[in-house]
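Numbering (the UniProt record's numbering), first residue to last: 1 to 89.
Each residue gets a CB set at the ideal place from its N, CA and C atoms; glycine is no exception.
Working notes, structure below.
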Amino acid sequence: MSLDQRTFVATQISAAVACNALAALRLAVSEAANVGLSPEEIKEIIALAKDIQQQPISHAAHLADQLLREPKKPSHDHGANCGCGSHHA
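Here it is in structure tokens:
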């Protein structure tokens with residue numbers, strides 16, 4: 001797959017914003033200006049990346065909360081061969 005320069009630097013800016021990688025963002029913004037993106041276009045790319053970045057954070061927090069809840073112990077019949085070690089004689 002081949003990307004044009006404008007698309008490539010827009011992707012670099014988005015990735016740098018998503019990772020909060022300031023050195024990479026500085027480089028990507030400089031490259032974007034060099035290939036002809038206007039300051040307004042660069043700001044729009046950054047704003048879109050920031051908006052997108054906020055969604056996974058809330059989803060990740062929700063998933064982490066779900067994963068860290070006390071697991072429910074499955075109930076089952078304690079037969080002679082179930083292997084759970086909780087048999088009543």
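Residue burial classification, residue i (beta-carbon count within 10 angstroms, cutoff 16)
| i | result |
| --- | --- |
| S30 | exposed |
| L67 | exposed |
| Q60 | Per the sequence presented here, residue 60 reads as Ala, with Gln not at that position. With fewer than 16 Cβ atoms within 10 Å of its Cβ, A60 is classed as exposed. |
| L22 | exposed |
| A47 | exposed |
Check: residue i C-beta below 7 Å from any heavy atom of the ligand MN
| i | result |
| --- | --- |
| F8 | The ligand MN is not part of this structure, which contains no ligands at all. |
Cutoff 7 Å; reference residue i; Cβ partners in own chain excluding five residues on either side
| i | result |
| --- | --- |
| A28 | V9, Q12, I13 and A16 |
| L63 | none |
Cβ shell of residue i (< 6 Å), same chain only, five flanking positions each side left out
| i | result |
| --- | --- |
| C19 | none |
| L25 | A16 |
| Q5 | V35 |
Residues near residue i in its chain [Cβ-Cβ closer than 8 Å; skip 5 each side]
| i | result |
| --- | --- |
| residue 92 | With the chain running from 1 to 89 in the structure shown, residue 92 is simply not present. |
Is the stretch 42-54 close to the stretch 6-14, with three or more CB pairs under 8 Å?
yes
4-residue-minimum alpha helix (DSSP H) runs that sit fully inside the stretch 2-76, ordered along the chain:
5-19, 22-34 and 39-68
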